[in-house]
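Structure, as structure tokens:
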Amino acid sequence: MDSSENITSLNKLLEVLESCEGQDYYNIAKRLAIPYQELLPYAFWSEDTYTRNCVLRTDDYELLLLCWEEGQETAIHCHNGEECWVYLAKGKLREKRYIEKEGDLELTADVKMTEDRLSYMNDDLGYHSLHNLNEGRSMSLHLYVGPIDECSVYKEEKDKFVFKELEYYSEDKKILSN
Ligand SMILES: [Fe+2]
Numbered sequence: 001m002d003s004s005e006n007i008t009s010l011n012k013l014l015e016v017l018e019s020c021e022g023q024d025y026y027n028i029a030k031r032l033a034i035p036y037q038e039l040l041p042y043a044f045w046s047e048d049t050y051t052r053n054c055v056l057r058t059d060d061y062e063l064l065l066l067c068w069e070e071g072q073e074t075a076i077h078c079h080n081g082e083e084c085w086v087y088l089a090k091g092k093l094r095e096k097r098y099i100e101k102e103g104d105l106e107l108t109a110d111v112k113m114t115e116d117r118l119s120y121m122n123d124d125l126g127y128h129s130l131h132n133l134n135e136g137r138s139m140s141l142h143l144y145v146g147p148i149d150e151c152s153v154y155k156e157e158k159d160k161f162v163f164k165e166l167e168y169y170s171e172d173k174k175i176l177s178n
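Just so we're aligned, residue 1 is where the sequence shown starts under UniProt numbering, counting upward by one.
Below is the structure:
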């Protein structure tokens, strides 16, 4: 496949990831143009929280579909030294970024992501949180290089970061019972 061509299906993305041998994930991420309908087999929502659905995991990366009900959001979190690209497939998200300054969190960016918008994050850029702004559901595809099993999450009531293990809501298109 031409490395400037848009990636318009999930199958194409999986093919490109498989043959990329750890090279240039940004070049892959910026070509993402996958209609959300392609992702529906992996999509599960929960009234309790946004869901993390595993599409594919290797030693090098994990590809997750996050499904958001109206009003759902993440806590402020780090990325445990890894890189993360977020491609918004459906709906509208708000991303807030923070840095730690003299023991406090300082807001450095507050942006709206609308469909086809790509975002990139790593720990050098600080922390962030994501919020579903849509009047209805949203879906976002996250590419983590490499996989992230735990991260620091800001607990407002304690005013500090705590370690959190990250779990999948579904894998192989099936909801996992926790
Ligand atoms: Fe994140």
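All C-beta atoms in this analysis are idealised placements derived from N, C-alpha and C, irrespective of residue type, glycine included.
Contacting residues, own chain, Cβ-Cβ under 7 Å from residue i (five flanking each side not counted)
i	result
glutamate 18	none
methionine 121	His79, Cys84, His128
leucine 10	Ile34, Glu38, Leu39
Proximity test, residue i beta-carbon vs ligand 2 heavy atom, cut-off 6 Å
i	result
aspartate 110	This structure lacks ligand 2; the ligands present are ligand 1.
Buried or exposed by the 16-neighbour rule on C-beta atoms within 10 Å, applied to residue i
i	result
leucine 141	buried
alanine 29	buried
lysine 90	buried
histidine 27	Looking at the sequence provided, one finds asparagine at residue 27 rather than histidine. Asparagine 27 comes out exposed.
valine 162	exposed
valine 86	buried
alanine 43	buried
serine 119	buried
Helix, strand or coil at residue i [DSSP, three-state]
i	result
tyrosine 154	strand
tyrosine 25	helix
glutamate 15	helix
tyrosine 87	strand
residue 186	As shown, the chain starts at 1 and ends at 178. That puts residue 186 outside it, with no answer to give.
tyrosine 36	helix
leucine 10	helix
threonine 49	coil
isoleucine 175	strand
cysteine 67	strand
glutamate 100	strand
threonine 58	coil
arginine 31	coil
leucine 105	strand
histidine 79	coil
Same chain, Cβ closer than 6 Å to residue i, five either side skipped, listed in chain order
i	result
residue 180	Limits of the chain in this structure are 1 at one end and 178 at the other, which puts residue 180 out of reach.
leucine 105	Tyr98
isoleucine 13	Before going further, note that residue 13 is leucine rather than isoleucine in the sequence given. Taken in chain order, the residues that qualify are Ile7.
residue 201	The requested residue 201 does not occur in the structure, where the chain is confined to residues 1 to 178.
glutamate 73	His131
residue 190	Not covered by the structure: residue 190. The range shown for the chain is 1 to 178.
8 Å CB neighbourhood of residue i in its chain, flanking five on each side removed
i	result
leucine 107	Lys96, Arg97, Tyr98
tryptophan 45	Thr51, Cys67, Trp68, Glu69, Arg137
glutamate 150	Asn80, Phe163, Lys164, Glu165, Leu166
Report the start-end ranges of each alpha helix (DSSP H) in the region 116–149 that is 4 residues or longer and not cut off at the edges.
Listed in chain order, there is nothing to give.
Does the region 118–136 come close enough to the region 93–100 to have 3 or more Cβ pairs within less than 8 Å?
At 8 Å Cβ cutoff, the stretches touch.
Would you check if the region 34–43 and the region 131–145 touch, i.e. whether three or more CB-CB distances between them fall below 8 Å?
Yes, the region 131–145 touches the region 34–43.
Give a yes or no on contact between the region 58–69 and the region 141–161, applying the rule of three or more CB pairs nearer than 8 Å.
With the cut-off at 8 Å, the region 58–69 and the region 141–161 touch.
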